[in-house]
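Participant: In the numbering used here, the protein residues as written are 9 to 137. Even glycine gets a Cβ: it sits at the ideal position worked out from N, Cα and C. Please read these numbers as outputs of a predicted model, since none were measured by experiment.
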């Protein structure tokens, strides 16, 4: 809900600038430039800062797609960064992927020989004395 409110405010501000500067003052070139600047700054601010803050703290909206060959296991927050845990049964690996603000600094941790879905103890080779 907060995400929709944010975009409503950005678009309303942009339209308001078009109306005030373009229609009332009759400076359409300046009005168009100001409205475009508000939209660009609003998009950049949302993408690089507000998206995960809105989702975590205020119940915003965010969509993450899991790769086709993986199964989703868990998701957790570390500060304002979202970590997603997936399992790939073909390669028997677990992948922890970080979704940071703006997706600029994304971390990934891969655990090999991971099999979380079976929940059976691993069979270790016996050591003969």
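1. Where residue 89 and residue 109 are concerned, what is the direct C-alpha to C-alpha distance, given to the nearest angstrom?
2. So what does DSSP say about residue 35, is it helix, strand or coil?
3. Return the first residue and the last residue of the alpha helix (DSSP H) that residue 11 is part of.
4. Starting from the Cα of residue 79, find the closest Cα among 49, 14, 26 and 124 and give me that residue.
5. With a threshold of 7 Å on Cβ separation, who are the neighbours of residue 29 within its own chain once the five nearest residues in sequence on each side are excluded?
6. DSSP on residue 64, reduced to helix/strand/coil?
7. The beta strand (DSSP E) spanning residue 122 covers which residue range?
8. Would you kindly work out how many angstroms separate the C-alpha atoms of residue 105 and residue 32, rounded to a whole number?
9. Roughly how many whole angstroms lie between the Cα atoms of residue 54 and residue 97?
10. Return the CA-CA distance between residue 84 and residue 48, expressed in angstroms with no decimal places.
11. Assuming residue 28 is part of the beta strand (DSSP E), what are its boundary residues?
12. Let's test the definition: count the other Cβ atoms within 10 Å of the Cβ of residue 114 and tell me whether it reaches 16, buried, or not, exposed.
13. Can you list, in chain order, the residues of its chain with a C-beta nearer than 7 Å to that of residue 22? Leave out the 5 residues immediately preceding and following it.
Facilitator: Concretely, from the data shown:
1. Walking along the chain shown from the start, residue 89 turns up at place 81. Walking along the chain shown from the start, residue 109 turns up at place 101. Straight-line Cα distance between these residues: approximately 7 Å.
2. Numbered from 1 along the chain shown, position 27 holds the residue referred to as residue 35. Here residue 35 sits in coil by DSSP.
3. Here residue 11 corresponds to residue number 3 of the chain shown, with the count starting at 1. Residue 11 -> alpha helix (DSSP H) spans 10 to 25.
4. For the purposes of this step, residue 79 is identified with residue 71 of the chain shown, where counting begins at 1. Answer by Cα proximity: 124.
5. Stepping through the chain shown from its first residue, residue 29 is reached at position 21. 35, 38, 39 and 42.
6. For the purposes of this step, residue 64 is identified with residue 56 of the chain shown, where counting begins at 1. Note: residue 64 maps to helix in three-state DSSP.
7. Walking along the chain shown from the start, residue 122 turns up at place 114. Run containing residue 122: none; DSSP gives neither H nor E here.
8. Residue numbering aside, residue 105 sits at position 97 when the chain shown is read from its first letter. Residue numbering aside, residue 32 sits at position 24 when the chain shown is read from its first letter. Taking the straight line joining both Cα atoms gives about 50 Å.
9. Sequence index remark: in the chain shown, residue 54 carries index 46 (1-based). Sequence index remark: in the chain shown, residue 97 carries index 89 (1-based). In a straight line, the C-alpha of residue 54 is about 35 Å away from that of residue 97.
10. Residue 84 sits at position 76 when you count from the first residue of the chain shown. Residue 48 sits at position 40 when you count from the first residue of the chain shown. Rounded to whole angstroms, residue 84 to residue 48 spans 30 Å at the Cα level.
11. One-based indexing of the chain shown puts residue 28 at position 20. Looking at the DSSP string, residue 28 is not in any beta strand (DSSP E), and its letter there is neither H nor E.
12. In the chain shown, the residue the question calls residue 114 occupies position 106. Exposed: under 16 other Cβ atoms inside 10 Å.
13. As a position in the chain shown, residue 22 is number 14, starting the count at 1. Excluding positions up to five away in sequence, the list reads 43, 46 and 47.
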